[in-house]
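So for the sequence shown, our numbering puts the first residue at 3; every next one is plus one. Yeah, the Cβ is synthetic: ideal placement off N, Cα and C, and Gly gets one too. In this text, all values refer to a predicted model and were calculated from it rather than measured experimentally.
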Amino acid sequence: MSEQIIDLGEQQTTLEKKRSGVATASLICSLIICCPLVTLVGVILGIVALFRIRGSQMTGRGLAWSGIVIGVVTTTLTTLFIVIAANAAFKILEQTPKLVTTAIESGVHGDLEGFRSEFSLGAVAANDAEVSAFISELASRYGTFDEAVIDMAAMQGRESSNQQAEIPLQLVFETKTVPSTVVIVIGQSEETWLDVKIQCLLIHDSEKGDLAFPLASQCGTAIPANEE
3 MSEQIIDLGE QQTTLEKKRS GVATASLICS LIICCPLVTL VGVILGIVAL
53 FRIRGSQMTG RGLAWSGIVI GVVTTTLTTL FIVIAANAAF KILEQTPKLV
103 TTAIESGVHG DLEGFRSEFS LGAVAANDAE VSAFISELAS RYGTFDEAVI
153 DMAAMQGRES SNQQAEIPLQ LVFETKTVPS TVVIVIGQSE ETWLDVKIQC
203 LLIHDSEKGD LAFPLASQCG TAIPANEE
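Given below as structure tokens:
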């Protein structure tokens, strides 16, 4: 009886030694879905394992095929997600300064509704007097408005959520370039799957005081009481 148990143990050990380690590694790599490079390695290892297993006494063909199939699927899905996310981020960064430029230009030309149309519903509720006061203050402080551009140097460390993001801008005027922060709201509309609207705009001015629109927003609350 003891000899039979020993023989079975030896046979089991022999079978375990013949299992392809490359096939096992293929499946493990293919399951690491957070990194498409690793899942791609899983596909490659699965192919290598199939060639090594063929004509040998090793087992693990099923593991190798699983690694290949899962690796192909996860690599494709993860890569697709990264591409979509990168395109969305690029579109947001491209669209945001255009929204701010269009809004301020509309306000400068007296088109208050055009100014409001670039903002989310909370800012649209601001009355004409608040819109006019904001635009007039910009003109009196800095002169003719030119354009808004992304402040790439200040982008690092900015926080964002699924539906809201803070983006640093440089507002280029006739007399000077002014740092600012625009809070945008990201959603969907009937026309596009990615709809970007301005929630509020905060002008950073250490000399003349910060300026925000609308005042009833997180940008407005960021201004100290003695500067309002």
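Thinking C-alpha only, which one of the options is nearest residue i?
i	options	result
residue 51	64, 171 and 99	64
residue 26	37, 132, 78 and 54	54
residue 222	166, 101 and 132	132
residue 29	60, 66, 21 and 42	66
residue 22	205, 33, 35 and 47	47
residue 35	113, 76 and 61	76
residue 149	171, 128 and 87	171
residue 134	123, 118 and 42	118
residue 207	139, 151, 194 and 152	139
residue 96	145, 78, 38 and 169	169
residue 152	220, 88, 219 and 92	92
residue 209	84, 24, 144 and 82	144
residue 68	123, 211, 128 and 24	24
residue 166	94, 39 and 56	94
residue 108	38, 146 and 43	146
Drop a sphere of 10 angstroms on the beta-carbon of residue i, count the other beta-carbons inside from all chains shown, and report buried for 16 or more, exposed for fewer.
i	result
residue 177	exposed
residue 189	exposed
residue 106	buried
residue 12	Low confidence applies to residue 12: its pLDDT is 48, below 50, so where it sits in the model is not reliable, and the reading given next is rough at best. It is exposed - the Cβ of residue 12 has fewer than 16 other Cβ atoms within 10 Å.
residue 142	exposed
residue 194	exposed
residue 83	exposed
residue 87	exposed
Could you spell out where the alpha helix (DSSP H) holding residue i opens and where it closes?
i	result
residue 130	130 to 144
residue 152	Residue 152 -> not in any alpha helix (DSSP H); beta strand (DSSP E) instead, spanning 147 to 152.
residue 215	Note, residue 215: premise wrong, no alpha helix (DSSP H); beta strand (DSSP E) at 213 to 215.
residue 209	That residue, residue 209, is in no alpha helix (DSSP H); it is neither H nor E in DSSP.
residue 77	63 to 110
residue 121	Segment: none, residue 121 is in no alpha helix (DSSP H) and carries neither H nor E.
residue 220	220 to 223
Between which two residues does the beta strand (DSSP E) harbouring residue i extend?
i	result
residue 39	From DSSP, residue 39 is part of no beta strand (DSSP E) but of the alpha helix (DSSP H) over 38 to 55.
residue 166	166 to 175
Do the CB positions of residue i and residue j come within less than 8 Å of each other?
i	j	result
residue 232	residue 214	This structure leaves residue 232 out entirely; the chain is present only between 3 and 230.
residue 115	residue 104	no
residue 180	residue 98	no
residue 58	residue 45	no
residue 200	residue 182	no
residue 198	residue 186	yes
residue 125	residue 216	yes
residue 102	residue 137	no
residue 80	residue 20	no
residue 49	residue 70	yes
Bridge partners for residue i per DSSP, in chain order?
i	result
residue 199	187
residue 32	According to DSSP, which records beta bridges pairwise, residue 32 is partnered with nothing at all.
residue 182	171 and 205
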